[in-house]
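*Asks:* Here you go, one structure.
Protein chains in written order, with the numbering used here: chain G, 1 to 241; chain X, 1001 to 1666.
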């Protein structure tokens, strides 16, 4: 099942952070890889029949538009990413061993949302600690930036409309990156801004992937350009194409 | 109260020419553009407020300029240490953009806080080129080298004949005296080891092999103590060191090896046991103490009640202070045709280090420099200053000796503290980089490239000991210091860190100063333990100092090249020195070269990338453009032979544990 939109409700309990959602629209992901497509879930038989019908109609419409490619590339990428992550976690009851079987190569475009989705599931559903979850995400994913950089920056509001927790996690990743940049260049806001994932309310997914992936393959121009600050912070993760 | 939500958008960085042009200190009357960024257009009105001493304040309206606010300012006609900040009017009210993070970056505040520094120095201020290119070797003359003649023992006999108490150490390897030896129960430095001018002269080849260009001698004039900071006769060399001919021979032999001699001028006070004061009647002169108003020197001193109540340096009765504005003193010491300052230059010296320069009036310092230049146009005047020389405040006023009218340069004790703090793990490379950039920005350029960058001296514990023990010896009394033993493990650590300290010292702008015996691994706490006879310790670094000294001597960029500082890792400091276009920073002919020094203090190797194209590391925009145009693509370490590649200003290097790389980039 892949959920779209809605509102996330966060509650800190003795077990940690409990996240619940309301107002989401669900579709079922069927098939694998490029053949993956959406279907409406089975209608619920109990309760308000009219409301159930309306919800099913929304799900059906979403599934049809997804299959027809009528939604934004980010929505399609999110659908695919969420489906793949769900399947990977279902197939690996011991999520700590996920990197052994689940490997993803990214290009730094919209598909990079899989990084945040995997992180979210590890944190919220598997109850992994932050550092552990980030390490697993990094080990599962590599980034290979093509000569033509994919995609433009993505408005954070668009991410939040798909999965509000993903948007929140991107914000946290950005904050942590900025604090590392601050350590290296305290007070140098211009440089910190240039190296950040989120700027002016938009997320740079290539930068996001470069921050999270354990291995980054890119051109000299990328290293000397947009990834310069990150490269000087952690050169060991980067390799030239 | 500090306001933070707008901080990322409203910034000022004095190390960027976008905000501060030209970069660094400026000459009097120079035009200057100061600006800050306003990334979200929050600012409705802005004012540049410049303040200085004696109530000086000037406010200038700023204008918006492509996302920034800027104002032009003409530096005053008189040298000054100034501070500036920005007064902003926003929708929400008035805010101040003030200095933070060591004065490097801006911080929004609801009230006016600390300003950014702006140093204005005298137009035309220059320092001798030979000095900027030199490495220095400091010698405490009694403790460096004996010679086989009877010079020292003859001198000791003469001191004794004068009635003085003298102890002569027969053995060069005897420990220095530190126990109380006076009737009052104080330690007085009366023990001599018998180092001589001839001894130094015979060691000149060794000193030259270190790449040294100038020897700084602690006082050599006739005096009662072994340190000779209590001058007895300004005109005569101490007989224990040798004769005038010996001194002149030393200068001549040194010159033949391209080495100059700098002397230590102790002019704020004399010895009580001197021709001038003659408290102990050891001289035949009419001194101020023994002859009172009959003495030609009486007016030099301030007697509250003659003869025994007089003003003295730090209340030491053996060091009566002089009145520097007394015409007789001024004539004899500074301005006369055969003044002390001129005479010793005539005898072969090339400059003066001025003891306690803080305690000499600015106009006296200026006269000393003028007098020295009159006698020898390329002579150097170096002041003993322990703090930031530009902002130094002493005896109720801001000192201006670093602003082009008085001193050529100063002892850079803040450099010593910053380097030792880094290598003792009290700070990190980011802090050291910030300090180095701040000196680059705040010292007048001619002085900055002539700063005496020392790690040890006769007044502080030796670098080896400070790095080995990580102790502050000032917290120990003399007995504790005498009994302290630097363990073998500590010495090993000290040696490893001293290698790194020396590499920093020899690659930053300024004149690296090696205190005798540092290169041979001598240990020593504070005075008198830091003045032991020259010897070789367990872990000498002579070859290391020789390598660094020669590298600096053979490559103009390492002495007079532009400088930039980086800290790509908290444990690694990188220093870039470069000359492009065949001219150094002062427009003098110099050989092109680009060098990158990387110093890793960690016990593990560090893989890192140094970004040479950062725009706020100390280079001007023009220097950075020249560096980009030179576009180095490879480098070879002149110490290890290791090669690296450079791509678009990014140098990927591995620095081994506790080691140094010095790459020549091309």
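All residues carry an ideal CB built from backbone N, CA and C; glycine is no exception.
Check whether the segment 1527-1545 of chain X and the segment 1579-1595 of chain X touch, using three or more Cβ-Cβ pairs below 8 Å as the test.
*Replies:* Result no; under three Cβ-Cβ pairs closer than 8 Å.
*Asks:* Near residue 1210/X, what residues of its chain come up, given a Cβ to Cβ distance below 6 Å and the 5 sequence neighbours on each side ignored?
*Replies:* Correct list, in chain order: 1545, 1546, 1549.
*Asks:* Would you say residue 1609/X faces chain G, with C-beta separation under 8 Å as the test?
*Replies:* Yes, contact with chain G.
*Asks:* Could you tell me whether the Cβ atoms of residue 1178/X and residue 1473/X are closer together than 8 Å?
*Replies:* No.
*Asks:* According to the Cβ coordinates, are residue 1612/X and residue 1651/X closer than 8 Å?
*Replies:* Yes, they are a contact pair.
*Asks:* Leaving out five residues on either side along the sequence, give the residues of the same chain with a beta carbon under 7 Å from the beta carbon of residue 1310/X.
*Replies:* Hits under 7 Å: 1301, 1302, 1303, 1304, 1320.
*Asks:* What does residue 1568/X touch in chain G if you count any residue whose Cβ is under 7 Å from its own?
*Replies:* Those within 7 Å of residue 1568/X in chain G are 232.
*Asks:* Name the two residues that bound the continuous alpha helix (DSSP H) containing residue 85/G.
*Replies:* Taken as a continuous stretch (DSSP letters only), the alpha helix (DSSP H) holding residue 85/G covers 73-91.
*Asks:* Need the endpoints of the beta strand (DSSP E) that residue 1215/X sits in, please.
*Replies:* Residues 1214-1217.
*Asks:* With a threshold of 7 Å, establish whether the CB of residue 172/G neighbours any heavy atom of the ligand HEM.
*Replies:* Questions concerning the ligand HEM fall outside what the structure shown contains, since it holds no ligand whatsoever.
*Asks:* With distances taken Cα to Cα, identify the nearest neighbour of residue 1594/X among 1621/X, 1636/X, 1600/X, 1614/X.
*Replies:* It is 1636/X whose Cα lies nearest to the Cα of residue 1594/X.
*Asks:* Which chain G residues are close to residue 1011/X, counting only those with a beta carbon under 7 Å from its beta carbon?
*Replies:* By Cβ distance, chain G contributes 189, 190.
*Asks:* Give the interface partners of residue 1633/X over in chain G, defined as CB-CB distance under 8 Å, in chain order.
*Replies:* Those do not exist, as residue 1633/X stays about 11 Å from chain G at its closest Cβ, beyond 8 Å.
*Asks:* Is the Cβ of residue 235/G closer than 8 Å to any Cβ of chain X?
*Replies:* Judged by the 8 Å Cβ criterion, residue 235/G is in contact with chain X.
*Asks:* Within 8 Å (strictly less), CB to CB, does residue 1008/X reach chain G?
*Replies:* Yes, residue 1008/X lies at the interface with chain G (some Cβ there is under 8 Å from its Cβ).
*Asks:* Would residue 1100/X count as contacting chain G if we go by Cβ distances under 8 Å?
*Replies:* True, the Cβ-Cβ gap to chain G drops below 8 Å.
*Asks:* So, helix, strand or coil for residue 1197/X, using DSSP?
*Replies:* It is helical.
*Asks:* So, is the C-beta of residue 1647/X closer than 8 Å to a C-beta in chain G?
*Replies:* Yes, its Cβ sits closer than 8 Å to a Cβ of chain G.
*Asks:* Mind pulling the chain X residues with CB within less than 9 Å of residue 184/G?
*Replies:* In chain order: 1430, 1567, 1568, 1569, 1570.
*Asks:* According to DSSP, simplified to helix, strand and coil, what is residue 1614/X?
*Replies:* Of the three classes helix, strand and coil, the one that applies to residue 1614/X here is coil, per DSSP.
*Asks:* Return the CA-CA distance between residue 1207/X and residue 1245/X, expressed in angstroms with no decimal places.
*Replies:* Spanning the two alpha carbons is a distance of roughly 21 Å.
*Asks:* Give me the subset of the segment 1431-1450 of chain X whose CB atoms are less than 7 Å from a CB atom of chain G, sorted by chain position.
*Replies:* Within the segment 1431-1450 of chain X, no residue qualifies.
*Asks:* Buried or exposed for residue 1044/X, going by 16 or more other Cβ atoms inside 10 Å?
*Replies:* Residue 1044/X is exposed by the Cβ-count criterion.
*Asks:* Determine, using beta carbons only, whether residue 210/G comes closer than 8 Å to chain X.
*Replies:* No, residue 210/G does not count as interfacial toward chain X.
*Asks:* Please tell me whether residue 1646/X and residue 1628/X are closer than 8 Å, where the distance is taken between their beta carbons.
*Replies:* No.
*Asks:* Is the segment 1090-1100 of chain X close to the segment 1057-1070 of chain X, with three or more CB pairs under 8 Å?
*Replies:* Output reads no: the segment 1057-1070 of chain X does not touch the segment 1090-1100 of chain X.
*Asks:* Can you check the segment 1272-1340 of chain X for any alpha helix (DSSP H) of at least 4 residues that lies completely inside it and give the ranges in chain order?
*Replies:* Here the runs fully enclosed are 1288-1291, 1327-1330.
*Asks:* Give the secondary structure of residue 1542/X by DSSP, where H, G and I count as helix, E and B as strand, and everything else as coil.
*Replies:* Helix at residue 1542/X.
*Asks:* Please name the residue, chosen from 1106/X, 1021/X, 1053/X, that lies closest to residue 1009/X on a Cα-to-Cα basis.
*Replies:* Nearest C-alpha to residue 1009/X: 1106/X.
*Asks:* According to DSSP, is residue 1130/X helix, strand or coil?
*Replies:* Here residue 1130/X sits in helix by DSSP.
*Asks:* Does any C-beta atom of chain X lie closer than 8 Å to the C-beta of residue 224/G?
*Replies:* Yes, contact with chain X.
*Asks:* Count the other CB atoms, across all protein chains shown, that sit within 10 Å of the CB of residue 1314/X; report buried if there are 16 or more and exposed otherwise.
*Replies:* By the neighbour-count rule (16 or more Cβ atoms within 10 Å), residue 1314/X is not buried but exposed.
*Asks:* Give the straight-line distance between the Cα atoms of residue 1421/X and residue 1264/X, rounded to the nearest whole angstrom.
*Replies:* Computed Cα separation, rounded: 28 Å.
*Asks:* Under 9 Å, CB to CB, which of the residues in the segment 27-50 of chain G have a partner in chain X?
*Replies:* Those would be none; no residue qualifies.
*Asks:* How far does the alpha helix (DSSP H) with residue 116/G in it reach, from first residue to last?
*Replies:* Residues 113-120.
*Asks:* In chain G, which residues lie with their C-beta within 9 Å of the C-beta of residue 1616/X?
*Replies:* Neighbours of residue 1616/X on chain G, chain order: 185, 188, 190, 191.
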